[in-house]
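Colleague:
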Amino acid sequence: MSWREHENLLRSSHVFVLLRGTGVCLASWCEEQHLRHVEKDVLIPKIMREKARERCSEQVQDFTKCCKESGVLMVVKCRKENSALKECLTSYYNDPAFYEECKMEYLKEREEFRKTGIPAKKRIQKLPTSM
């Protein structure tokens, strides 16, 4: 039996297996877990930034307050607050567990979108109440 015949047989029996990287996985699972360049480098980091800002909200508020009070001199006067904010955000950006958490959140949102066709933002909005 030729390679093409084997491939067609495997595909028709829904057991098509792909070798990806170091392991073996089912085609549908690999497809679900595969991330495009834009997802890895743009969409997941966007989620990371949003979540990190929420988790560093105290430092964000301190820096914002300092900037509002200092006006033009904020560059000089708010160094301490800016350093604290950057340190907090960087600790999250460099945390592999935090990246995985955001990646899983993104994969859930993507899977839900593929099922329903409704973006996450529209699903979250409240439905109008009847009168």
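For the sequence shown, the residue numbers in mature numbering (1 follows the signal peptide of the UniProt record, and there is no 0) are -27 to -1, 1 to 104. We put the CB at the ideal spot given by N, CA and C, even for glycine.
What is the rounded straight-line gap between the Cα of residue 19 and the Cα of residue 46?
Modeller: For residue 19 and residue 46, the distance between alpha carbons rounds to 30 Å.
Colleague: Which residue from 10, 21 and 7 puts its Cα closest to that of residue 69?
Modeller: With distances taken between Cα atoms, residue 69 lies closest to 21.
Colleague: Along the chain, where does the alpha helix (DSSP H) that runs through residue 49 open and close?
Modeller: First-last of the alpha helix (DSSP H) with residue 49: 47 to 50.
Colleague: Out of 9, 44 and 40, which has the shortest C-alpha to C-alpha gap to residue 53?
Modeller: Closest by alpha carbon: 40.
Colleague: Which of helix, strand or coil does DSSP assign to residue 17?
Modeller: DSSP places residue 17 in helix when its eight states are reduced to three.
Colleague: Looking only at its chain, what residues have a beta carbon closer than 7 Å to the beta carbon of residue 78, apart from the 5 residues adjacent to it on each side?
Modeller: Cβ within range, chain order: 20.
Colleague: How long is the line joining the alpha carbons of residue 72 and residue 36, rounded to whole angstroms?
Modeller: Their backbone Cα atoms lie some 25 Å apart in a straight line.
Colleague: Classify residue 66: buried if its beta carbon has 16 or more other beta carbons within 10 angstroms, exposed otherwise.
Modeller: By the neighbour-count rule (16 or more Cβ atoms within 10 Å), residue 66 is not buried but exposed.
Colleague: Would you decide whether residue 32 is buried or exposed? Buried here means 16 or more other CB atoms lie within 10 Å of its CB.
Modeller: With 16 or more Cβ atoms within 10 Å of its Cβ, residue 32 is classed as buried.
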